[in-house]
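Residue numbers (the numbering used here): 49 to 469. A virtual CB, placed ideally from N, CA and C, is assigned to each residue, including glycine. Because the structure is a prediction, the values reported are computed rather than measured. I have placed the structure first, in the form of structure tokens, so that the comments after it can refer back to it.
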Amino acid sequence: MTLSRRGVLAVGGAMGALAATAGAGTASAAGRASGSARTRVRTGFDRLAADGYGLLAGQKVGIVTNPTGITSDVRHIVDVMHPDDRVDLTAVFGPEHGFRGTAQAGGSEGRYDDPATGLPVYDTYLKSGQPLADVFTASGVDTVVFDIQDAGARFYTYIWTLYDCMEAAALAGKRFVVLDRPNPVTGRAALGPVLDPAFGTFVGRREISQAHGMTVAELALLFDGEFLTARPLELDVVRMSGWRRSDFFDETGLPWVPPSPNMPTPETALVYPGTCLFEGTNLSEGRGTTRPFELLGTEGVDHRWAAAANALELPGVAFREAYFAPTFSKFQGRTVGGVQVHVQDREVFDPVRTGIALLVTAKRSWSGFAWRADNWIDKLTGNTRVRTMIDAGADTDEVVGAWSEDLAAFRATRKEYLLYR
Numbered sequence: 049m050t051l052s053r054r055g056v057l058a059v060g061g062a063m064g065a066l067a068a069t070a071g072a073g074t075a076s077a078a079g080r081a082s083g084s085a086r087t088r089v090r091t092g093f094d095r096l097a098a099d100g101y102g103l104l105a106g107q108k109v110g111i112v113t114n115p116t117g118i119t120s121d122v123r124h125i126v127d128v129m130h131p132d133d134r135v136d137l138t139a140v141f142g143p144e145h146g147f148r149g150t151a152q153a154g155g156s157e158g159r160y161d162d163p164a165t166g167l168p169v170y171d172t173y174l175k176s177g178q179p180l181a182d183v184f185t186a187s188g189v190d191t192v193v194f195d196i197q198d199a200g201a202r203f204y205t206y207i208w209t210l211y212d213c214m215e216a217a218a219l220a221g222k223r224f225v226v227l228d229r230p231n232p233v234t235g236r237a238a239l240g241p242v243l244d245p246a247f248g249t250f251v252g253r254r255e256i257s258q259a260h261g262m263t264v265a266e267l268a269l270l271f272d273g274e275f276l277t278a279r280p281l282e283l284d285v286v287r288m289s290g291w292r293r294s295d296f297f298d299e300t301g302l303p304w305v306p307p308s309p310n311m312p313t314p315e316t317a318l319v320y321p322g323t324c325l326f327e328g329t330n331l332s333e334g335r336g337t338t339r340p341f342e343l344l345g346t347e348g349v350d351h352r353w354a355a356a357a358n359a360l361e362l363p364g365v366a367f368r369e370a371y372f373a374p375t376f377s378k379f380q381g382r383t384v385g386g387v388q389v390h391v392q393d394r395e396v397f398d399p400v401r402t403g404i405a406l407l408v409t410a411k412r413s414w415s416g417f418a419w420r421a422d423n424w425i426d427k428l429t430g431n432t433r434v435r436t437m438i439d440a441g442a443d444t445d446e447v448v449g450a451w452s453e454d455l456a457a458f459r460a461t462r463k464e465y466l467l468y469r
């Protein structure tokens with residue numbers, strides 16, 4: 049049920065050996081095809097609770113979580129754990145947007161006592177290193193547990209909350225436990241450019257690809273094995289059962305809770321690894337609409353952008369001329385023109401290639417196209433190459449080809465840490 053990175057190495061098991069057994073208990077092919085009678089995915093928390101929290105016995109426990117930390121019957125895990133005598137839950141740690149999810153992008157809830165449980169809630173947002181270790185020390189916990197639903201993209205900040213909390217736990221001498229949840233856009237492949245560490249920020253700390261194709265538990269093992277090697281960390285992960293790398297979120301049987309205000313649906317997560325790149329431009333990425341990251345646009349854009357994008361005949365996707373008026377963020381209350389991204393075959397859709405193609409065609413079809421003045425695009429892509437190549441007139445295939453060597457190297461490293469078939 050649990051997996052210790054060091055324990056695995058001690059028994060001589062490469063991660064691939066574990067992956068070879070990870071398919072046990074998964075849905076049958078017939079159930080998957082029919083959409084019925086599928087084995088439901090059990091999350092790491094489900095399995096931890098079913099085992100009577102034995103992994104946490106005798107420990108004062110603090111948990112890093114947010115509104116996505118729920119059971120299959122949509123109860124929050126903190127509300128489930130708090131009254132249970134089998135586990136000593138003494139603190140909660142809130143990430144960006146907060147533990148209960150009251151804050152917008154770039155915000156958090158601060159330090160407070162949770163009205164529902166009375167538990168102290170500590171703020172982790174924008175804290176790392178020793179300051180975050182000091183938070184863990186002040187909380188008095190022995191073990192820090194992490195349970196947050198990821199979206200599958202390098203620049204989605206919860207995986208860097210995971211990274212920072214792991215590093216801080218090592219500094220504070222705390223045990224760390226990761227409860228696994230599905231990658232909502234499958235775990236089939238790693239896609240896109242790999243971060244150059246010179247561009248490390250909270251939207252990308254270390255050298256992973258733009259769409260990493262991993263679960264949070266797999267990432268925790270990779271972080272521990274590849275990047276957080278200076279100080280030992282007592283790390284355990286609790287795997288899911290019933291999840292396969294080819295599963296999209298709607299195939300898991302699990303309820304979806306928006307992991308952040310602008311990630312309302314699994315369909316948003318599907319396009320996000322590519323279209324979030326528009327945060328680095330003077331176009332709207334659709335924040336302030338009911339279809340963030342699916343709607344893209346700005347003033348002065350018309351049908352020509354959609355036509356140029358459709359002419360590329362990208363696999364699994366089509367583009368519709370669209371007009372919208374964001375209620376907040378860029379162009380608040382003003383009507384803009386652009387495209388809506390329609391994924392027609394998610395099995396062959398490549399979100400990162402699509403995002404690059406949209407940047408290329410936007411620049412070519414609209415003379416007002418510009419990057420954000422702070423070159424935020426370089427932080428999102430993890431290097432300067434995407435921006436400079438597009439400015440130099442490169443086409444989509446040339447830009448995508450530029451990261452092939454780095455991506456191949458990351459894929460080889462990633463393979464060692466995969467837990468599921």
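Query, Result
"Closest to Pro-245 by C-alpha separation, out of Thr-277, Asn-431, Glu-342, would be which residue?", "Asn-431"
"Per the DSSP calculation, Arg-420 is bridged to which residue(s)?", "DSSP, once it has assigned bridges, lists no residue as partnering Arg-420."
"Smallest Cα separation from Trp-208: which of Gly-248, Pro-131, Asp-284, Ala-366?", "Gly-248"
"Please classify Pro-280 as buried or exposed, where buried requires at least 16 neighbouring CB atoms within 10 angstroms.", "exposed"
"Does the region 383–391 come close enough to the region 344–358 to have 3 or more Cβ pairs within less than 8 Å?", "yes"
"Among residues of its own chain, excluding the 5 on either side of Arg-293, which ones have a beta-carbon nearer than 7 Å to its beta-carbon?", "Thr-234, Gly-235, Arg-236, Tyr-468, Arg-469"
"Let me check you understand the geometry: is the CB of Leu-407 closer than 8 Å to at least one non-hydrogen atom of the ligand PLP?", "The ligand PLP is absent from the structure shown, which contains no ligands of any kind."
"My output table needs one value for Pro-363: the three-state DSSP class, helix, strand or coil.", "coil"
"Just to confirm, are Gly-290 and Arg-88 a CB contact at a threshold of 9 Å?", "yes"
"Are the CB atoms of Leu-276 and Ala-220 nearer to each other than 9 Å?", "no"
"If we require 4 or more residues per run, which alpha helix (DSSP H) segments fall completely within the region 348–420?", "351–359, 399–413"
"How long is the line joining the alpha carbons of Gly-71 and Ser-257, rounded to whole angstroms?", "Residue placement at Gly-71 is poorly supported in this model, since its pLDDT is 35, which falls under 50; the coordinates are not used for a value here."
"Quick check on Gly-449: does DSSP put it in helix, strand or coil?", "helix"
"Kindly list the residues whose CB is nearer than 6 Å to the CB of Asp-454, restricted to its own chain and excluding five residues on each side of it in sequence; keep chain order.", "Val-242"
"If you follow the beta strand (DSSP E) that Gln-152 is in, where does it begin and where does it stop?", "Note, Gln-152: premise wrong, no beta strand (DSSP E); not H, not E."
"Among the residues of its own chain, which have a CB less than 7 Å from the CB of Thr-150, if the five just before and after it don't count?", "Glu-157"
"For Val-140, which option in Arg-123, Gly-155, Thr-172 has the closest C-alpha, if you only look at C-alpha atoms?", "Thr-172"
"DSSP three-state call for Lys-427: helix, strand or coil?", "helix"
"Only counting the same chain, and skipping five residues up and downstream in sequence, which positions put a Cβ closer than 6 Å to that of Gly-322?", "Pro-399, Val-400, Thr-402, Gly-403"
"Using a Cβ-Cβ cutoff of less than 8 Å, which residues in the same chain neighbour Gln-152 once the five nearest sequence positions on both sides are dropped?", "His-145, Pro-309"
"Residues in the same chain with beta-carbon distance under 6 Å from Pro-306, minus the five sequence neighbours each way, listed in chain order, please.", "Pro-312"
"Roughly how many angstroms separate the alpha carbons of Val-193 and Arg-368, rounded to a whole number?", "43 Å"
"Quick one: grab the DSSP three-state call for Leu-302.", "coil"
"Are the CB atoms of Gly-44 and Arg-394 nearer to each other than 9 Å?", "The question about residue 44 has no answer here: the residues shown for the chain are numbered 49 through 469."
"Closest by CA to Ala-357, which one among Lys-411, Arg-433, Thr-337?", "Lys-411"
"Is the distance from the Cβ of Leu-104 to the Cβ of Val-225 below 9 Å?", "yes"
"Which residues in the same chain as Gln-392 place their Cβ atom closer than 8 Å to its Cβ, once the five residues preceding and following it in sequence are excluded?", "Gly-364, Val-365, Ala-366"
"Excluding the 5 residues preceding and the 5 following Gly-154 in the sequence, name in chain order all residues of the same chain whose CB lies nearer than 6 Å to its CB.", "none"
"To the nearest angstrom, how far is the alpha carbon of Ala-456 from that of Tyr-101?", "39 Å"
"In or out: Asn-423 buried (at least 16 other Cβ within 10 Å) or exposed?", "exposed"
"Arg-148 to Gln-197, Cα distance in whole Å?", "14 Å"
"Could you have a look at Ala-460 and say whether DSSP puts it in helix, strand or coil?", "helix"
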